[in-house]
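Mapping of the sequence shown onto my numbering: position 90 corresponds to residue 197, and the numbering continues sequentially without gaps. Cβ coordinates follow ideal geometry from the N, Cα and C atoms, glycine included. Please read all numbers here as calculations on a predicted model, not as lab measurements. Just below is one structure, and these are the notes that go with it.
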Amino acid sequence: MEGQVAVITGGARGIGLAVARRFSAEGAKVALWDRDAAALEDARTGFTEANSVACVLDITDEEAVAAAAAHTADALGPADILVNNAGITGPNL
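Pasting the structure below:
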C-alpha cells in the first residue's frame with residue numbers, strides 16, 4: 108500500500124478510523140472524510156500532515172464530495188482506494 112491514497116468515508120471513528128490507521132501503518136496516505144468536525148480533529152491525532160487530510164462534508168451532497176475529492180487530490184494525490192464506510196439513510200435508500 109506504500110504511497111497509495113485511500114479515501115475513507117465515515118473515517119472519524121469506529122471501523123473507518125481503524126481502517127485508516129491500518130492503511131497508514133501499511134504506508135498509505137489517508138483522507139478521512141466525515142461530517143463531524145470535532146471527531147475528525149480528534150481522529151487526526153497520530154497521522155502526519157504530510158500523509159493525511161481531513162475533510163468535513165455530507166457525502167450526500169454531490170458538490171461537497173467534488174470539493175473534498177479536489178482537496179484530497181491537491182493534498183495527497185488522486186485517490187487509489189475508496190472505502191465507503193459512512194452510514195447514511197434516506198427515503199430512497
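Which partner residues does residue i have in the DSSP bridge list?
i, result
"residue 112", "136"
Decide if residue i is buried, meaning its Cβ has at least 16 other Cβ atoms within 10 Å, or exposed.
i, result
"residue 132", "exposed"
"residue 129", "exposed"
"residue 161", "buried"
"residue 181", "exposed"
"residue 175", "buried"
"residue 179", "buried"
To the nearest whole angstrom, what separates the beta carbons of residue i and residue j, a pair I think is in contact under 8 Å?
i, j, result
"residue 166", "residue 139", "About 12 Å separates the two Cβ atoms, so there is no contact after all."
What span of residues does the beta strand (DSSP E) with residue i cover, start to end?
i, result
"residue 189", "188-190"
Kindly indicate the opening and closing residues of the alpha helix (DSSP H) around residue i.
i, result
"residue 164", "No alpha helix (DSSP H) holds residue 164; DSSP gives it neither H nor E."
Any alpha helix (DSSP H) of 4 or more consecutive residues that is wholly inside the region 121-161
Taking 4 residues as the minimum length, the alpha helix (DSSP H) runs contained wholly in the region 121-161 are 121-132, 144-150, in order along the chain.
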